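Peer 1: First, the structure itself, so that you have it in front of you.
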Amino acid sequence: MSRRKLDSYDVIVVGGGPGGIPAAIAAARAGMRTLLVERNAFLGGVAATGLPILAFYDRTGAQVVGGIGDELVKKLSAIGGSFDGHIPCPIHNSFTPVNPYLFMNVAIETCKEAGVEVLFSTEIKDVIVENGQVKGVELFSRSVILEVDCKTVIDATGDGTAAYLAGAMYEMGNKQGGKIQPVSLIFSLGNVDIDEMLAYVKAHPETFATPETYGEGIDYTLEYFLDSQSFYFTGFSEFIDEAKANGDFDIPRDRVIFAKQPNNNEIVVNATRMIDVDPTDPQSFSKAEIEGHRQVQILLNFFKKYCPGFKNAFLANIASGTYARESRRITGIKTITKANIDQLLIPEDSIALAGYNVDIHQAGVGLNLLPSAHAIGIPYGCLVSKNIEGLLTSGRCISVEPYPFGLTRAMATCMAIGEAAGTAAALAIKHNISLANINVKELQQVLEQNGAIVSLKQQEVQVIN
C-alpha cells in the first residue's frame, strides 16, 4: 500500500451531502483553499436519493433557509430538476422535490465554480491531532493513503466519523437504552398514473388521515393534493392491512410515504424501514443494506398489486445506499435541548434556523410528528467541538439532544448549518483565532450578506438572550 503527501489546505470538509456541500462552497468563496472529501463518486448524500428536501419554510410559512442551499435549488429549478419554488405542505411545513441526478450535477458545478477541490471515492482514515489541535487528516482511496495537512476539519459525514477519529466527545441514541431511529433505503417508481392515484385520493380522503401520533393541527387537505404542482403523500394504510392479511407485506410500516418527482409520472418512496441498526458498525449496516433491497421488492410488488395508479409502475431508481436518520452527535460548547423547542428559542448567537417538526421514527411501525409553532435557532457553539480545536461539525452530527434532533436533522437545516460552518472556519483562519473565539455577530453579518437567514423578524418572535 502506497502513501502520498498532498499539498496543505486551509479547510477540509469530510462528507459531500447537504451539510458538506454548502460548507465547502462557503469556505472556498471566502478565500480558503478547500478540499471536499466524499466517499461516493458523486455529491449530494441523501439529496441525491431523490428524497424531497424539507424545511426551507417553517410552520408559519416563513422562509427560514436561504443562502447556498436556496441557490442550489434555484439552479436546479432552472434546468428542470425541481419545481418553481419550495412547496408548502400541511404536514412537513414545506418540501422541495429534486431530480437526484441533476442535483449531483448542480452540486459539483457550484463547487467547481467556487474553487473547491474534490476527492471522490475517498474515505477518512484518521484525523491527526496534536495537543488537542487538528493538524491534518489521513485519507484512503484506491489502495493509496493520502496525507493532508490542514487548519480546520469540518465533519459533515452524518455519522460524526471524522470527529470520532479525532477523539471528540459524542453521544449516540436516545436516553432509553441508546436506541436510534430506523434506517431506510430510498427508491423511485416510474410510469405511475398520477391522475388515477389522485382520483382515488379524491374519492377516499380517509386514506390520508393522519394518525394519533401526529401533533394537533397536522392534517392534509384534499385541495393540497389536487391543487399543488407536487405533493408529499403519507397514507394507503388500508392497502397495507389488506396486503398483510394476504401475506404480501411484512415491513414494519403502517403507511407508505411518497412524493411526486419533477420527472413525469415518477414518485420517490420513503417506506422501507430497518430497525435496530447501528450505522457506525459495518456488519450491522451491511445487514440493513440487504434487508433494504428485499423490502424494495416487497414494496414494488405491493404498489403494483394493491395501489391505484401503480399497476404498470416500474422500479426507476434505487439509492446508492441505505441512509441513517441519526448516528453520533458530537458534544459541542453548546447543545440544543428540549427547552429550545418547548420555549421556541432563537438565541442571539444563532447562525441558522431549523424550521421542521419534531419527527421521530419509532422502532416499531409508526412515527411521532409534533409541530413546532415556528423555527428555532441553532447556536454557533453547537458546531464547535468541546474538546478538539480546529474541528467543526455540520449537518445532523452537531451538538443536540435526542428529542430536538428530530427537528434539526432535516436537509435544508443541514444546508444552513453547513454554510455557517464553512463561513466560521474561514473567519477563524483569517483572524488567526480559535473557532470558539470568533465574533458570532461578525459571522451572522457575513452569512446575512451572503443571503443566509439567521433570525426571524422581531415582531414575529421574541429573540431570547
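First residue of the sequence shown? That's 158 in my numbering, and the numbers climb one at a time after it. All C-beta atoms, glycine included, are put in the ideal place defined by N, C-alpha and C. Keep in mind it's a predicted model, so treat the numbers as computed, not measured.
Distance, Cα to Cα, Pro254 vs Asn594?
Peer 2: In this structure, the alpha-carbon of Pro254 lies about 38 Å from that of Asn594.
Peer 1: Less than 8 Å between the C-beta atoms of Glu280 and Phe297, yes or no?
Peer 2: yes
Peer 1: Identify whether His518 lies in helix, strand or coil by the three-state DSSP scheme.
Peer 2: strand
Peer 1: Can you tell me whether Tyr371 is helix, strand or coil according to DSSP?
Peer 2: strand
Peer 1: Report the partner residues of Tyr566 according to the DSSP bridge assignment.
Peer 2: Correcting the residue identity first, residue 566 is Arg in this sequence and not Tyr. In the DSSP assignment, Arg566 forms no beta bridge with any residue.
Peer 1: To which residues of the same chain is Ala185 closer than 6 Å at the C-beta, ignoring the five residues directly before and after it?
Peer 2: Here Ala185 has Thr191, Ala271, Gly272 and Val273 as same chain residues with Cβ atoms under 6 Å from its own Cβ, once five neighbours each way along the sequence are excluded.
Peer 1: Grab the span of the alpha helix (DSSP H) containing Lys401 for me, first residue to last.
Peer 2: Ser394 to Ala402
Peer 1: Using DSSP's beta-bridge definition, name the partner residues of Val390.
Peer 2: Looking at the sequence shown, residue 390 is not Val but Phe. Note: Phe390 sits in a beta bridge opposite Phe415.
Peer 1: Using the C-alpha atoms, what's the distance from Lys461 back to Leu501?
Peer 2: 43 Å
Peer 1: How far does the alpha helix (DSSP H) with Tyr381 in it reach, from first residue to last?
Peer 2: Leu379 to Asp384
Peer 1: With 16 other CB atoms within 10 Å as the buried threshold, where does Lys162 fall?
Peer 2: exposed
Peer 1: How many Å lie between Met568 and Thr367 at the Cα?
Peer 2: Take the alpha-carbon of Met568 and the one of Thr367: they are about 23 Å apart.
Peer 1: What first and last residue would you give for the alpha helix (DSSP H) that runs through Ser441?
Peer 2: Pro439 to Tyr463
Peer 1: Going residue by residue through the region 186-237, where are the continuous alpha helix (DSSP H) segments of at least 4 residues, counting only ones entirely within it?
Peer 2: The region 186-237 contains these whole alpha helix (DSSP H) runs: 224-235.
Peer 1: Which residues bound the beta strand (DSSP E) around Asp352?
Peer 2: No beta strand (DSSP E) contains Asp352, which is instead part of the alpha helix (DSSP H) from Ile351 to Ala360.
Peer 1: Does DSSP put Gln333 in a helix, a strand or coil?
Peer 2: coil
Peer 1: Is it the case that the Cβ atoms of Gly317 and Thr488 are separated by a distance below 8 Å?
Peer 2: no
Peer 1: With respect to the beta strand (DSSP E) encompassing Pro625, which residues constitute its N-terminal and C-terminal limits?
Peer 2: Outside the shown range of the chain, which is 158 to 622, sits residue 625, and nothing can be said about it.
Peer 1: Mind checking whether Ile414 and Asn427 have CB atoms under 8 Å apart?
Peer 2: yes
Peer 1: Keeping to the same chain, check which residues put their C-beta closer than 6 Å to that of Gly207; ignore five residues upstream and five downstream.
Peer 2: Pro257, Ser345 and Val425
Peer 1: What separation, rounded to the nearest whole angstrom, lies between the Cα atoms of Phe390 and Ala577?
Peer 2: 32 Å
Peer 1: State buried or exposed for Thr378, treating a residue as buried only when at least 16 other CB atoms are found within 10 Å of its CB.
Peer 2: exposed
Peer 1: Which same chain residues, not among the five before or five after Val263, have their C-beta less than 8 Å away from its C-beta?
Peer 2: Sequence-distant Cβ neighbours of Val263 in its own chain, meaning closer than 8 Å and more than five residues away, are Leu229, Lys232, Leu233, Ile236 and Gly238.
Peer 1: For Gly538, I'd like the list of residues in its chain whose CB is within less than 6 Å of its CB, leaving aside the five on either flank, ordered along the chain.
Peer 2: Gly489, Ile490 and Lys491
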